[in-house]
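Enquirer: Using this note's numbering, read the sequence shown as starting at 1 and increasing by one per residue. Don't be surprised by glycine CBs; every beta carbon is placed ideally from N, CA and C. After the structure tokens below, expect a handful of questions from me.
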Amino acid sequence: MGDVLKGGFVLKNDNPLKEELFTLEEVDGIRKQYGIGNVIITHLEEDWGKSYDDYRALEKEWDSIRFAHDGMKVQI
Numbered sequence: 001m002g003d004v005l006k007g008g009f010v011l012k013n014d015n016p017l018k019e020e021l022f023t024l025e026e027v028d029g030i031r032k033q034y035g036i037g038n039v040i041i042t043h044l045e046e047d048w049g050k051s052y053d054d055y056r057a058l059e060k061e062w063d064s065i066r067f068a069h070d071g072m073k074v075q076i
């Protein structure tokens, strides 16, 4: 999630992770395509090396994308 990983490592387009996982742009495109109001991304990969604070900062950049965390409650 996001092209800059822990320690400032930039994930290039040819990185194998990009073939296995969706980018935030792809997630947002799918959300819009199907008229989904809100997305909660679960099973975050440790390979991204992001902390909870990093994910909270990313949430501020995306209106309808949130990241799951332990103990999170979702009301539907």
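Is it right to say ASN50 is buried, meaning 16 or more other beta carbons lie within 10 angstroms of its own, or is it exposed?
Expert: Position 50 of the sequence shown, counted from the start, is the residue given in the question as residue 50. Reading off the sequence shown, one finds Lys at residue 50, where the question assumed Asn. Burial call: buried.
Enquirer: Per DSSP, which residues does ARG66 bridge with? Please list them.
Expert: Translated into positions along the sequence shown, residue 66 becomes position 66. DSSP output for ARG66 lists ILE40 as bridge partner(s).
Enquirer: Rounded to the nearest angstrom, how far is the Cβ of ILE41 from that of ILE76, given a contact under 8 Å?
Expert: Along the sequence shown, one-based indexing puts residue 41 at 41. Along the sequence shown, one-based indexing puts residue 76 at 76. About 16 Å separates the two Cβ atoms, so there is no contact after all.
Enquirer: What separation, rounded to the nearest whole angstrom, lies between the Cα atoms of ASP14 and GLU20?
Expert: Here the question's residue 14 lines up with position 14 in the sequence shown. Here the question's residue 20 lines up with position 20 in the sequence shown. Distance between ASP14 and GLU20, taken at the CA atoms: about 11 Å.
Enquirer: Which residue from GLY7, GLY8, LYS12, LEU24 puts its Cα closest to that of ASP63?
Expert: Within the sequence shown, residue 63 is the residue found at index 63, counting from 1. Comparing Cα positions, the closest option is LEU24.
Enquirer: Whole angstroms are fine: how far does the CA of LYS12 sit from the CA of MET72?
Expert: As a position in the sequence shown, residue 72 is number 72, starting the count at 1. As a position in the sequence shown, residue 12 is number 12, starting the count at 1. Answer to the nearest angstrom: the Cα atoms are 31 Å apart.
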